[in-house]
Amino acid sequence: MKDLGVKMGEAAFKIKNNVYKNKGHLWGSNFEFFGDMSHRFHTELEYFLIEPERYSVDEAFGRIDTSYTKDVKAYAQEMQSTLKRNLGLGCGIGISHTRTLAKAASHCAKIKQWKHKTNGVVFLDTEEQINYALERMQTTDVWGVGRKIGAKLSELGIHNALQLKQACPIEMKSKFNVVLARTIQELNKIPSIDLKDPMMAREQICVSRSMGKPVTQFNELKESIATHIAVASKKARQQLMFVSQIQVFISTNPFSDTKQYSKSIGIDLPYPTSKTLDLTNYALYALKHLYKAGYEYKKSGVILSKLVLSNQIQTNLFEENSDDEVKLKQTEVMDSINDKFGKGAIRIASAGYSHNWKPKDDLAPPSYTTRLDELVIVN
Numbered sequence: 009m010k011d012l013g014v015k016m017g018e019a020a021f022k023i024k025n026n027v028y029k030n031k032g033h034l035w036g037s038n039f040e041f042f043g044d045m046s047h048r049f050h051t052e053l054e055y056f057l058i059e060p061e062r063y064s065v066d067e068a069f070g071r072i073d074t075s076y077t078k079d080v081k082a083y084a085q086e087m088q089s090t091l092k093r094n095l096g097l098g099c100g101i102g103i104s105h106t107r108t109l110a111k112a113a114s115h116c117a118k119i120k121q122w123k124h125k126t127n128g129v130v131f132l133d134t135e136e137q138i139n140y141a142l143e144r145m146q147t148t149d150v151w152g153v154g155r156k157i158g159a160k161l162s163e164l165g166i167h168n169a170l171q172l173k174q175a176c177p178i179e180m181k182s183k184f185n186v187v188l189a190r191t192i193q194e195l196n197k198i199p200s201i202d203l204k205d206p207m208m209a210r211e212q213i214c215v216s217r218s219m220g221k222p223v224t225q226f227n228e229l230k231e232s233i234a235t236h237i238a239v240a241s242k243k244a245r246q247q248l249m250f251v252s253q254i255q256v257f258i259s260t261n262p263f264s265d266t267k268q269y270s271k272s273i274g275i276d277l278p279y280p281t282s283k284t285l286d287l288t289n290y291a292l293y294a295l296k297h298l299y300k301a302g303y304e305y306k307k308s309g310v311i312l313s314k315l316v317l318s319n320q321i322q323t324n325l326f327e328e329n330s331d332d333e334v335k336l337k338q339t340e341v342m343d344s345i346n347d348k349f350g351k352g353a354i355r356i357a358s359a360g361y362s363h364n365w366k367p368k369d370d371l372a373p374p375s376y377t378t379r380l381d382e383l384v385i386v387n
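Heads up: take any position in the sequence shown, counting from 1, add 8, and you land on the working numbering.
#1: Who are the near neighbours of LYS92 in its chain, counting only those whose CB is closer than 8 Å to its CB and skipping five residues on each side?
#2: Identify the residues that DSSP records as bridge partners of GLU61: which are they?
#3: Tell me whether the beta-carbon of PRO60 lies closer than 8 Å to the beta-carbon of GLU52.
#4: What residues in its chain sit with their C-beta under 7 Å from that of MET145, if we drop five residues either side in the sequence?
#5: Run through the DSSP bridge pairs and tell me what ASP276 is partnered with.
#6: Any contact between the segment 234-248 and the segment 271-288? By contact I mean 3 or more CB pairs, one from each, below 8 Å.
#7: Within the same chain, show all residues whose beta-carbon is closer than 7 Å to that of LYS280, passing over the 5 residues directly before and after it, in chain order.
#8: Does the Cβ of LEU390 have 16 or more other Cβ atoms within 10 Å, making it buried, or fewer, making it exposed?
#9: Using 8 Å as the cut-off, can you tell me whether the segment 211-231 makes contact with the segment 293-311, which would need three or more C-beta pairs spanning the two stretches below that distance?
#10: Just to confirm before moving on: does the CB-CB distance between VAL129 and LYS81 stay below 8 Å?
#11: Measuring alpha carbon to alpha carbon, tell me which of LEU109, THR147 and SER37 ends up nearest ILE198.
#12: Keeping to the same chain, check which residues put their C-beta closer than 7 Å to that of ILE23; ignore five residues upstream and five downstream.
#13: Hey, how far is the Cα of ILE385 from the Cα of GLY352?
#14: Which of the three DSSP states is assigned to GLY43 in this structure?
#15: Taking only the alpha-carbon atoms, compute the straight-line gap between ALA189 and GLY274 and give it to the nearest angstrom.
#16: Leaving out five residues before and five after LYS243 in sequence, what residues of the same chain have Cβ atoms less than 6 Å from its Cβ?
#17: Could you pull out every residue in the same chain whose Cβ sits closer than 6 Å to the Cβ of PRO262, ignoring the five residues on either side in sequence?
#18: Measure the alpha-carbon distance for TYR376 versus SER89 and round it to whole angstroms.
#19: Counting only the same chain and skipping the five closest in sequence on each side, list residues whose C-beta sits under 8 Å from that of GLU194.
#20: Between the C-alpha atoms of ALA240 and VAL215, what's the straight-line distance to the nearest angstrom?
#21: How is GLN192 classed by DSSP in three states: helix, strand or coil?
#22: Tell me the DSSP secondary structure of ASN289 in three-state form.
#23: Among the residues of its own chain, which have a CB less than 8 Å from the CB of GLU143, if the five just before and after it don't count?
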């Protein structure tokens, strides 16, 4: 899609003709299928890597044992071919001395004009190789450098990644923040970023969705909010984060001629938690205060914020420990069942099962790997 000039998040109707003209296909969202393929992707990768780290649904970090593997690039190509053979997934692989340089190598592996040379695998090893690649990357191509920081760096005369590498980390820390200083150290082959570091933790987790049809009933809104909480709380647990604040929002369609209403409510929790049941209770309490009859709602969502790493949580004297243990067990059991049988296989009652509010996506691929009734039939 990048080769066709399609930007991330661009509306399908804008790119439809261009995609079809180039013999491409448009697919809708099937989060159950994508989630299962993501799990399979990471499981395959973890066979090859030491201390694997799941960074996102389709990205991972890990170390390669160079005492066992002499030809690192050939080893990466074996990873590639295994993913293609077992899952039908192609991927780019970047290898270097730090996470930031590995991301830079991965970026180079995906560059169109270099693909015929790299075949999707780039190993940035020597200083010469690293500098060659960084000189041809914009600062915003560097992991963790966004557009705002990139614009400020340009004002300082730093226009490419090599110039950023050559900047003084102490000076950049005073002008920007400690994260950018660590990025510069990483570009200089000094490991400085740990994904478990609180500085690398997400500031918030947002899950929202437009309705498939205008929703007027409280119960359908309740189902949508409870479903969003289930997804968001699972993400928090995967990142070993506890939630201290929750925000719930609902809105009508701003492009419709119907009556308009849009509002959100935030709640500071009495103690941090990542348990689905607790977060659902708070979210539905907020929804009761948000909901107004007589409106056609088009969107709902939740934001989990003030996230705290689980190892930094202080025990709450007023929390019922026995009750908390039961809820914790319930959450663990739900997670294990959903991991095994697919997302939503078991859920809390308020999330419902009809889900008439969900959009019907005619372009969504079937759940080939998680539903028996959607398996591909081969004659």
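We put the CB at the ideal spot given by N, CA and C, even for glycine. Here the structure is a predicted model, which means the values were calculated and not measured.
Let me lay it out:
#1: For this step, residue 92 is matched to residue 84 along the sequence shown. Hits under 8 Å: GLY98.
#2: Against the sequence shown, residue 61 aligns to sequence position 53. The partner list for GLU61 (beta bridge, DSSP) reads PHE69.
#3: Position 52 of the sequence shown, counted from the start, is the residue given in the question as residue 60. Position 44 of the sequence shown, counted from the start, is the residue given in the question as residue 52. Contact: no.
#4: Position 137 of the sequence shown, counting from 1, holds the residue named residue 145. These residues qualify, in order along the chain: ALA112, HIS115, ASN168 and ALA169.
#5: Position 268 of the sequence shown holds residue 276. GLN253, per the DSSP bridge assignment.
#6: yes
#7: What you label residue 280 is simply residue 272 of the sequence shown in a count that begins at 1. Reading off the sequence, residue 280 comes out as Pro, not Lys. PHE250, VAL251, SER252, VAL316 and ILE321.
#8: A question about residue 390 goes unanswered here, because the residues of the chain that appear run from 9 up to 387.
#9: yes
#10: Looking up residue 129 in the sequence shown gives position 121. Looking up residue 81 in the sequence shown gives position 73. Going by C-beta atoms, VAL129 is nearer than 8 Å to LYS81.
#11: If you number the sequence shown from 1, residue 198 lands on position 190. Ranking the options by Cα distance to ILE198, first place goes to LEU109.
#12: One-based indexing of the sequence shown puts residue 23 at position 15. Same-chain partners within the cutoff: VAL14.
#13: Here residue 385 is taken as the residue at index 377 of the sequence shown, counted from 1. Here residue 352 is taken as the residue at index 344 of the sequence shown, counted from 1. So the alpha carbons of these two residues sit roughly 25 Å apart.
#14: Walking along the sequence shown from the start, residue 43 turns up at place 35. Helix, per DSSP.
#15: As a first step, residue 189 is located in the sequence shown; it is residue number 181 there, counting from the start. As a first step, residue 274 is located in the sequence shown; it is residue number 266 there, counting from the start. Looking at the two C-alpha atoms, the distance is approximately 34 Å.
#16: By 1-based counting over the sequence shown, the position of residue 243 is 235. Excluding sequence neighbours, LYS243 sits near ILE213.
#17: For the purposes of this step, residue 262 is taken as the residue at position 254 of the sequence shown. So no residue of the chain qualifies.
#18: Position 368 of the sequence shown holds residue 376. Position 81 of the sequence shown holds residue 89. Each residue's alpha carbon lies about 22 Å from the other.
#19: Residue mapping note: residue 194 aligns to position 186 of the sequence shown, counting from 1. Result list for GLU194: THR106, ARG107, THR108, LEU109, SER200 and ILE201, in chain order.
#20: Against the sequence shown, residue 240 aligns to sequence position 232. Against the sequence shown, residue 215 aligns to sequence position 207. Cα to Cα, ALA240 sits roughly 6 Å from VAL215.
#21: On the sequence shown, residue 192 is found 184 positions in, with the first residue counted as 1. The sequence shown places Ile at residue 192, not Gln. It is helical.
#22: As a working note, residue 289 is residue 281 in the sequence shown. If DSSP states are grouped into helix, strand and coil, ASN289 belongs with the helices.
#23: Taking the first residue of the sequence shown as position 1, residue 143 is located at position 135. Result list for GLU143: ASN168, ALA169 and LEU170, in chain order.
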